[in-house]
Amino acid sequence: MAFAESFLQGFSTVHNSIGYKKGYNFILWFIFAGALLGFTLARFSFLNFDVFENDSVPGQWYFTRMGRDKVGLLLHLAAVLPCGILVIFQFIPIIRHKWILFHRINGYIIFILLLISHAGALMIMEHSFGGGVDIQSAVITVVIACTVSFCLALYNIRYKQLEQHRAWMLRTMFYMGCIITIRICLIISASILGALPNLRHDVWSCDQVRFTFLNGASNALTASEKLAKLFPQCTAPNSTSIMVPVPASLNLSNPASAGAAFNLSFGTAIWISFMLHALGVEIYLRLTPKEAERLRQISYERQLAAGFKNPGSAGLVVEKLGDADPWKGPV
Numbered sequence: 000m001a002f003a004e005s006f007l008q009g010f011s012t013v014h015n016s017i018g019y020k021k022g023y024n025f026i027l028w029f030i031f032a033g034a035l036l037g038f039t040l041a042r043f044s045f046l047n048f049d050v051f052e053n054d055s056v057p058g059q060w061y062f063t064r065m066g067r068d069k070v071g072l073l074l075h076l077a078a079v080l081p082c083g084i085l086v087i088f089q090f091i092p093i094i095r096h097k098w099i100l101f102h103r104i105n106g107y108i109i110f111i112l113l114l115i116s117h118a119g120a121l122m123i124m125e126h127s128f129g130g131g132v133d134i135q136s137a138v139i140t141v142v143i144a145c146t147v148s149f150c151l152a153l154y155n156i157r158y159k160q161l162e163q164h165r166a167w168m169l170r171t172m173f174y175m176g177c178i179i180t181i182r183i184c185l186i187i188s189a190s191i192l193g194a195l196p197n198l199r200h201d202v203w204s205c206d207q208v209r210f211t212f213l214n215g216a217s218n219a220l221t222a223s224e225k226l227a228k229l230f231p232q233c234t235a236p237n238s239t240s241i242m243v244p245v246p247a248s249l250n251l252s253n254p255a256s257a258g259a260a261f262n263l264s265f266g267t268a269i270w271i272s273f274m275l276h277a278l279g280v281e282i283y284l285r286l287t288p289k290e291a292e293r294l295r296q297i298s299y300e301r302q303l304a305a306g307f308k309n310p311g312s313a314g315l316v317v318e319k320l321g322d323a324d325p326w327k328g329p330v
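Letter 94 of the sequence shown, counting from 1, is numbered 93 in numbering that gives the first Met the number 0, and no numbers are missing.
Next up, the structure:
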């Protein structure tokens with residue numbers, strides 16, 4: 000009993016020290032911020048393209064080693080990785096309350112980095128994991144969702160509409176965070192794909208197949224023999240532009256098949272992850288109406304002091320667009 004009391008007291012001290020008045024909010028921040036921090040730090044090594052080449056999905060380096068894809072990848076990683084770390088500080092209450100200037104400057108830096116990372120993502124999506132229509136449409140959807148949500152968050156804070164600023168910032172960060180869930184869904188989806196009785200196939204050029212087999216192979220002779228056995232049409236002269244079906248499976252002992260499995264699974268992984276995060280953040284917002292109401296009361300006071308019309312509803316609130324009853328401030 001004494002241990003439980005000591006633990007609860009220590010836990011309360013920790014979450015109160017950084018401004019969290021409710022323990023469950025601190026737990027949620029710790030889980031999601033910790034996952035984001037760990038994922039981001041693990042990806043910083045990808046800024047070294049030698050590391051990225053060794054760790055990337057088979058066949059991906061064929062496109063990202065040069066030209067627009069290489070520039071886009073570097074642009075995306077160099078912007079989104081610092082963004083992933085800086086955003087953690089935006090959700091620490093004590094920083095928002097005591098270091099308001101840092102919170103504001105950090106927010107604008109994150110917004111700029113987010114836009115740069117989006118530009119990089121759009122540059123590489125044509126060849127990212129095969130670049131299918133499902134993948135490109137998913138990338139564009141995530142980019143639009145994050146950008147629009149962040150812009151709405153900035154608009155609402157401009158009018159001191161705090162509860163709407165909170166809601167749209169949470170949506171932005173949850174949408175961004177789907178990149179972590181994508182990795183989990185990708186592995187599951189690719190594993191299921193290879194276990195199906197009838198193998199699916201991706202279509203690669205012989206040049207990409209040959210590059211995937213031979214680039215960085217520890218034994219070039221063995222790799223060449225394996226290539227000739229599995230894809231004999233790709234060993235013929237002038238076969239660079241010939242397109243061949245590649246079986247998609249993680250169970251086959253060749254890199255091209257593993258790459259094909261990930262390529263065919265990536266679009267599904269993005270859409271499932273994005274929908275899970277979009278649904279999750281809306282559930283959280285619906286479960287915390289008291290926090291939203293508390294912030295709206297503060298918004299009312301600040302908007303009234305600033306001379307805004309309709310204090311409490313100066314920002315982009317639901318009653319301006321829908322059929323909700325007008326919000327009534329303190330009497």
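Cβ atoms here follow ideal geometry from the backbone N, Cα and C, with glycine treated the same way. Computed from a predicted structure; not experimentally measured.
- In the three-state DSSP reduction, V56 falls in the coil class, being neither helix nor strand.
- Rounded to the nearest whole angstrom, the C-alpha separation of M124 and G130 is 6 Å.
- Here F101 is exposed. Its C-beta has fewer than 16 other C-beta atoms within 10 Å.
- Spatial neighbours of E281 in its own chain (CB-CB distance under 6 Å, excluding positions within 5 residues in sequence) are not present.
- The continuous stretches of beta strand (DSSP E) do not include W270, which lies in the alpha helix (DSSP H) extending over residues P254 to L286.
- For V202, the pairing in a beta bridge is given by DSSP as P244.
- Judged by their CB atoms, T39 and G83 are nearer to each other than the 9 Å cut-off.
- Counting along the chain, F25 sits inside the alpha helix (DSSP H) bounded by residues G22 to R42.
- Taking a contact as a CB-CB distance under 8 Å, the pair L112 and P92 does not count as one, their CB atoms being some 23 Å apart.
- Using a C-beta cut-off of 8 Å, the segment 157-165 makes no contact with the segment 173-180, since fewer than three inter-stretch Cβ pairs fall below that distance.
- In the three-state reduction of the DSSP assignment, R64 falls in the coil class.
- Closest option to Q207, judged by alpha-carbon separation, among R157, V56, I104 and I186: V56.
- From the listed residues L35, L73, D68 and Y61, the smallest Cα separation to N47 is found for L73.
- Rounded to whole angstroms, F261 and P196 show a C-alpha spacing of 18 Å.
- A Cβ-Cβ distance of about 5 Å is found for the pair G193 and L249, placing them in contact under the 8 Å criterion.
- The segment 89-117 is shown to contain whole alpha helix (DSSP H) runs of 4 or more residues at 92-97, in chain order.
- With contacts defined as CB atoms closer than 9 Å, V86 and M122 fail to qualify as a contacting pair.
- For P310, the secondary structure class from DSSP, reduced to helix, strand or coil, is coil.
- At a Cβ-Cβ threshold of 9 Å, V142 and S127 do not count as neighbours.
- Between the C-alpha atoms of Q89 and G106 there is a straight-line separation of about 7 Å.
- A distance below 8 Å between beta-carbons, with the five flanking residues on each side excluded, links N253 to the following residues of its chain, in chain order: F212, K225 and L229.
- Taking 3 residues as the shortest admissible run, the segment 176-231 contains the following complete beta strand (DSSP E) segments, listed from N- to C-terminal end: 200-204.
- In this structure I156 does not touch A268 by the C-beta definition: roughly 33 Å separates them, more than the 8 Å allowed.
- Pairing A166 with W203 gives a Cβ-Cβ distance that is not under 9 Å.
- If you draw a 10 Å sphere on the C-beta of Y23, you find fewer than 16 other C-beta atoms in it, and that means exposed.
- Exclusion of the five residues before and after S190 leaves L249 as the residues of its chain whose Cβ lies within less than 7 Å of its Cβ.
- For Q160, the secondary structure class from DSSP, reduced to helix, strand or coil, is coil.
- Distance from the CA atom of A77 to the CA atom of A41, rounded to whole angstroms, is 14 Å.
- C-alpha of H276 to C-alpha of L220: approximately 47 Å in a straight line.
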